[in-house]
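**Student:** I'd like to ask you about the structure that follows.
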């Protein structure tokens, strides 16, 4: 496990607390505002979803552990805004700079009238790319350790618990944007994406029940024939 | 910010004039992260960021209101329930949904962010499906709305892959011994919709009545659908 977010299989987190059925409720009054602010800022197109995930994962482990979900979003949003030069550290500290006239709206500022259409838009992550090297039924071995092959400490979507494991391809999704590259401005680098099933006994040494499985969605460069 | 100047509401509210900002005081986290310059109270942090982004022309507060309205009142598990009910009522639709969910959903007018690539997985007497995102909290928003707190919790993210049956017990669900569990860890942009088994006693119900039996958690795999006649 290289980063704090990669928690699949960890012990000690205690019970899961179910909630009433229906539309999930925001637990705090500021949660919906944090959600909306993050989505509206994301609509400016200054970063990809992969870069946003990497920003959340790059929080200091102590912050990641103590922050609620939307606090992680806010912290990552602030960090991204500064990293992209859209907001200065001084503005975060002191509030908006006082100006004579308000700046013109950003050309991609999300308007209220466009919200429904933007949220309902289907913007696929599939891309033209190489033909798949594996087919459903093939046995594959995952990279060990789980790591970004381009950038030390960079973003990857291979969970630590599934690293170095042999699994079976169950779905071939075709080429998708590779997060390991896209999160770091290295291009979309589309690669075939697969759903790979692992035997729970292989992952954990012992399964809760023989035959139980866990799947993960993994890109071709995470995989070798097994 | 000098006293007497117009202050945008919310910005820097948690510091007294002249006092060092709490984030500049010795603290337990990294100062490499600009977010630590924001107020420490999260409600004030949101207000501060909103003030800055609004003043810079990056965000329109009216758009924020519209986004909130969408996820508080419009998009939720009733959308996914409509899809599942149709699959229960129409074998042809069920086959189409399982073969190519994106096409089947598009035909129903269901789409949106975080629902770009959907795979529907059907529960059977042999296999129970359950969905998690261990690395963050990926979730099929256009089908189920915003994720409930438990889905985003460390406990669910950590435990669902290792001990799904113990997690199901937290939800009051016990599976038959001969039913295998398959946990889908959503590590890419593929979002999984669990199609639960149609409950006994639901023959003859129309799609609307069937949809009322489909709970949010049954479409994540941590619950089972209601039985006809049970309280909603």
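Chains as they are written, first to last, in this note's numbering: chain Z, 153 to 378; chain C, 20 to 251.
All C-beta atoms, glycine included, are put in the ideal place defined by N, C-alpha and C.
Predicted model only: the values in this text are computed from it and were never measured.
If you follow the alpha helix (DSSP H) that residue 73(C) is part of, which residue opens it and which one closes it?
**Tutor:** Per DSSP, residue 73(C) belongs to the alpha helix (DSSP H) from 61 to 74.
**Student:** What do you reckon, are the CB atoms on residue 171(C) and residue 182(Z) nearer than 9 Å?
**Tutor:** No, Cβ-Cβ distance for residue 171(C) and residue 182(Z) is not below 9 Å.
**Student:** From residue 174(Z) to residue 152(C), what does the alpha carbon distance come to, in whole angstroms?
**Tutor:** Looking at the two C-alpha atoms, the distance is approximately 20 Å.
**Student:** Determine, for residue 178(Z), whether the minimum Cβ-Cβ distance to residues of chain C falls below 9 Å.
**Tutor:** Answer yes: the Cβ-Cβ gap between residue 178(Z) and chain C drops below 9 Å somewhere.
**Student:** Can you pull the chain Z residues whose beta carbon is under 8 Å from the beta carbon of residue 130(C), in chain order?
**Tutor:** Chain Z residues near residue 130(C): 272, 273, 274.
**Student:** Quick check on this structure: which residue in 88(C), 242(C), 226(C) has the alpha carbon closest to the alpha carbon of residue 168(Z)?
**Tutor:** Among 88(C), 242(C), 226(C), the Cα nearest to that of residue 168(Z) belongs to 242(C).
**Student:** Is DSSP giving residue 55(C) helix, strand or coil here?
**Tutor:** Three-state DSSP puts residue 55(C) in a helix.
**Student:** Restricting to runs no shorter than 4 residues, where is the alpha helix (DSSP H) found entirely within the segment 129 to 180 of chain C?
**Tutor:** Counting whole runs of 4 or more residues, the segment 129 to 180 of chain C contains the alpha helix (DSSP H) stretches 160 to 163, 168 to 171, 173 to 178.
**Student:** Taking contact to mean at least 3 C-beta pairs separated by less than 8 Å, is the segment 339 to 356 of chain Z in contact with the segment 215 to 225 of chain Z?
**Tutor:** Touching, no, given that fewer than three Cβ pairs across the two stretches are closer than 8 Å.
**Student:** In whole angstroms, what is the alpha-carbon distance linking residue 25(C) and residue 75(C)?
**Tutor:** Low per-residue confidence applies at residue 25(C): pLDDT is 41, beneath 50, and the placement is therefore not dependable enough to give any value.
**Student:** Any C-beta of chain Z within less than 7 Å: which residues of the segment 149 to 160 of chain C qualify?
**Tutor:** Listed by position along the chain: 153, 154, 155, 156.
**Student:** For residue 236(C), return the contacting residues in chain Z, with the cut-off set at a CB-CB distance below 8 Å.
**Tutor:** Ordered by position in chain Z, the residues that pass the 8 Å Cβ test against residue 236(C) are 170, 173.
**Student:** Could you tell me whether the Cβ of residue 290(Z) comes closer than 9 Å to any Cβ of chain C?
**Tutor:** Answer no: the Cβ-Cβ gap between residue 290(Z) and chain C never drops below 9 Å.
**Student:** For residue 282(Z), is the classification buried or exposed, using 16 other Cβ atoms within 10 angstroms of its Cβ as the cut-off for buried?
**Tutor:** The residue is exposed, with fewer than 16 neighbouring Cβ atoms inside 10 Å.
**Student:** Measure the C-alpha to C-alpha separation of residue 240(C) and residue 181(C) and round it to an integer number of angstroms.
**Tutor:** About 15 Å.
**Student:** Give the DSSP-derived three-state secondary structure of residue 190(Z) in the structure shown.
**Tutor:** Of the three classes helix, strand and coil, the one that applies to residue 190(Z) here is helix, per DSSP.
**Student:** Which residues share a DSSP beta bridge with residue 326(Z)?
**Tutor:** Looking at the DSSP assignment, residue 326(Z) forms a beta bridge with 345(Z).
**Student:** Can you give the beta carbon distance from residue 371(Z) to residue 338(Z), rounded, assuming they're within the 8 Å contact cut?
**Tutor:** Actually they are not in contact, since the Cβ atoms of residue 371(Z) and residue 338(Z) sit about 14 Å apart, beyond 8 Å.
**Student:** Given that residue 61(C) touches chain Z, what residues does it touch there, using C-beta distances under 8 Å?
**Tutor:** What residue 61(C) touches in chain Z: 180, 182, 186, 220, 222, 223, 226.
**Student:** Does DSSP put residue 225(Z) in a helix, a strand or coil?
**Tutor:** Helix.
**Student:** Could you tell me which of 234(Z), 326(Z), 314(Z), 157(Z) sits nearest to residue 288(Z), measuring between CA atoms?
**Tutor:** Checked all of 234(Z), 326(Z), 314(Z), 157(Z); the closest Cα to residue 288(Z) is 326(Z).
**Student:** Compute the beta-carbon to beta-carbon distance between residue 218(C) and residue 235(C), rounded to the nearest angstrom, for a pair I have assumed lies under 8 Å.
**Tutor:** Contact doesn't hold; Cβ gap of about 16 Å is too wide.
**Student:** Using a Cβ-Cβ cutoff of 9 Å, what residues of the segment 323 to 335 of chain Z are near chain C? List them in chain order.
**Tutor:** Cβ contacts with chain C: 323, 325, 328, 329, 331.
**Student:** Which value, in whole angstroms, describes the spacing of the CA atoms of residue 151(Z) and residue 105(C)?
**Tutor:** The structure shown has nothing for residue 151(Z), since chain Z only spans 153 to 378.
**Student:** Indicate the three-state DSSP secondary structure (helix, strand or coil) for residue 350(Z) in the structure shown.
**Tutor:** Three-state result, residue 350(Z): strand.
**Student:** So, under 8 Å CB-CB, residue 169(C) and residue 209(Z) are touching, yes? Tell me the CB distance rounded to an integer number of Å.
**Tutor:** Contact flag wrong, Cβ pair sits at about 21 Å.
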